[in-house]
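Numbering-wise (UniProt numbering), the sequence shown opens with residue 1 and increments by one.
Don't be surprised by glycine CBs; every beta carbon is placed ideally from N, CA and C.
Predicted, not measured: the structure shown is a model, and the values here were computed from it.
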Amino acid sequence: MYIALFLSALLFFFLQLHYTTASTSDGFEVQFGYSGEKGPNTNAWSPLCHNGDRQSPIDIHLASAVSSDLAPINFHNYDYRGPVVITNNGHSVTASGFEKWGARDSKQPFITGGGLDGKYFLVGFHFHWGTHDKRGSEHTVNGQHFPLEIHFVHQKANLTAVESKSKSDGLAVVAVWFYIDNNNDKPLAQLETAYLNTEFYEQTFNINDVLLDDMIPSNRAAYFRYNGSLTTPSCEESVIWTIFQEPLTVVDRQVKCLAKFETTKRTI
């Protein structure tokens, strides 16, 4: 039912937050896990992850969402086909190499609009999924999970990676949810071969012509917005979150492909 609600809702929302003790980005250099001795409730996750004031992910309470007049998000060079490197880093499978699009063709993807202050350049994307095809997303809606969630991580222009994590608006992460529809595999079809070839830690796979537009909803004016954090240690509170209301589709075989990897979400 919540999927139908999202598809019919066309308002902007600024969230009055219901924070959890979680924390997102590509900060995978820290040694941590999602269960056991290095799980979220252990010292492997830094103190900020447990005690921060604006930690992510959150459960979105629709009744508490406040309508806002934020403009649509503008996606630049997301309609360009370029090469990416898919890597299994032990916590997720990540896509990188977008800065080379800029060096080669001045086509590094970036976003503007939606209340953002200036340009935010794409540095990578990664997925979060679970062991169950209905409980994979990090962010939830009224306590309900989606099978899959993708994060497009953008870094504010003119900041280094270290600087972006120290600024309250240094990063802008765009999140997209996915639901099961076995009649439409298009959004993730271009990535299937890569994920089949990166099952093991430190494996990489090159894709020559990724089209990012396929993984972004067509309705870019309907989204949730809040100020939060990275969802991985060290959980820096430096992220402007944009979560699209319109989910995309994923088929069973694509979820099962990712399910071969360890769970890559933190529970709320």
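- Annotation for residue 94: 87, 124, 126 place their beta carbon closer than 6 Å to its own, counting only its chain and skipping 5 residues before and after.
- The criterion of a C-beta distance shorter than 9 Å is satisfied by residue 149 and residue 128.
- As for any alpha helix (DSSP H) of minimum length 4 sitting wholly inside the stretch 160–241, the runs are 161–166, 186–189, 192–196, ordered along the chain.
- Excluding residues up to 5 positions away in sequence, 83, 84, 85 lie with their Cβ nearer than 7 Å to the Cβ of residue 97 in the same chain.
- Setting aside the 5 residues that flank it on each side, residue 212 is surrounded in the same chain by 78, 109, each with a C-beta closer than 7 Å to its C-beta; the list follows chain order.
- The Cβ atoms of residue 248 and residue 176 lie closer than 9 Å to each other.
- The residue from 217, 178, 195, 243 with its alpha-carbon nearest to that of residue 172 is 243.
- An exposed status is given to residue 202, since fewer than 16 other beta-carbon atoms sit within 10 Å of its beta-carbon.
- Beta-bridge annotation (DSSP): residue 153 is paired with 124, 173.
- Annotation for residue 248: no alpha helix (DSSP H) segment contains it, though the beta strand (DSSP E) segment containing it runs 248–250.
- The C-beta distance from residue 52 to residue 237 rounds to 6 Å, short enough to meet the 8 Å contact threshold.
- Its Cα nearest to that of residue 190, the residue 81 stands out among 69, 71, 81.
- A direct Cα-Cα distance of roughly 14 Å separates residue 246 from residue 151.
- Apart from sequence neighbours up to five positions away, the residues of its chain that approach residue 167 with a beta-carbon distance below 8 Å are 156, 159, 238, ordered along the chain.
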